Amino acid sequence: MTNENDTILVKELIESYRGQFDRYCSLRNLTRELMGRLVLRRGDLSAVFDTLRKKQVLLEAVEAERTRIAGRVTEWQKRKNEIAPCEATYMLNDILNKVADVIREFLDDEFQVRRYIENVSARKTVQPSSFPDDKRER
Numbered sequence: 142m143t144n145e146n147d148t149i150l151v152k153e154l155i156e157s158y159r160g161q162f163d164r165y166c167s168l169r170n171l172t173r174e175l176m177g178r179l180v181l182r183r184g185d186l187s188a189v190f191d192t193l194r195k196k197q198v199l200l201e202a203v204e205a206e207r208t209r210i211a212g213r214v215t216e217w218q219k220r221k222n223e224i225a226p227c228e229a230t231y232m233l234n235d236i237l238n239k240v241a242d243v244i245r246e247f248l249d250d251e252f253q254v255r256r257y258i259e260n261v262s263a264r265k266t267v268q269p270s271s272f273p274d275d276k277r278e279r
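According to my numbering, the stretch in the sequence shown is residues 142 to 279, in order.
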């Protein structure tokens, strides 16, 4: 590393992104839990309010951490090309890749939950018996 300040910067970023990684893993897992509960309860949203509250707490924690570390991230963006690659910078890049992957998984799972809720809502809104010329046997 170029100097002690660079070392401190990279270590702070590693620590921050490890925490964010853990929170995003928890968010992903809660989203998967939420989907499971929705499927088991056939779209009954009342079964998932506690999970939604937990997700909100985690999202607020991620946002607070991102706000807290924003200045250091900006500093890193300015300095990273001047810092010689070393074990710490490789660790930082590794955790950044892991964070990106888990965020992608979390967002994919969120999309699946949204689609499921939309489909359940559409089925509840449009009942076959609501069509006047429905000639199916009941």
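We put the CB at the ideal spot given by N, CA and C, even for glycine.
As the structure is a prediction and not an experimental result, all values here were calculated from the model.
Comparing alpha carbon positions, the residue from A229, R255, I236 closest to L150 is A229. Proximity of the region 208 to 223 to the region 177 to 188 falls short of the contact definition, fewer than three beta-carbon pairs being nearer than 8 Å. Straight-line measurement puts the Cα of D235 at about 13 Å from the Cα of P226.
The beta carbon of L237 sits closer than 7 Å to the beta carbons of Y158 from its chain, once the five residues preceding and following it are set aside; these are given in chain order. At a Cβ-Cβ threshold of 8 Å, L168 and L199 count as neighbours. In summary, T208 is exposed, with fewer than 16 beta-carbon neighbours lying within 10 Å of its beta-carbon over all protein chains present.
Distance from the CA of L233 to the CA of Q161, rounded to the nearest whole angstrom, comes to 13 Å. Contact between R164 and A202 is confirmed by a C-beta separation of about 6 Å, below the 8 Å threshold. Ranked by Cα distance from D250, the options A188, K196, K152 are led by K196. Rounded to whole angstroms, the gap between the alpha carbons of A205 and E259 is 30 Å.
In the structure shown, A225 falls within a coil segment according to DSSP collapsed to helix, strand and coil. Each residue's CA atom was taken as its position, placing V189 and L171 some 10 Å apart.
Only residues of its own chain outside the window of five on either side were considered, and among them A188, V189 have a CB closer than 6 Å to the CB of R178, listed in chain order.
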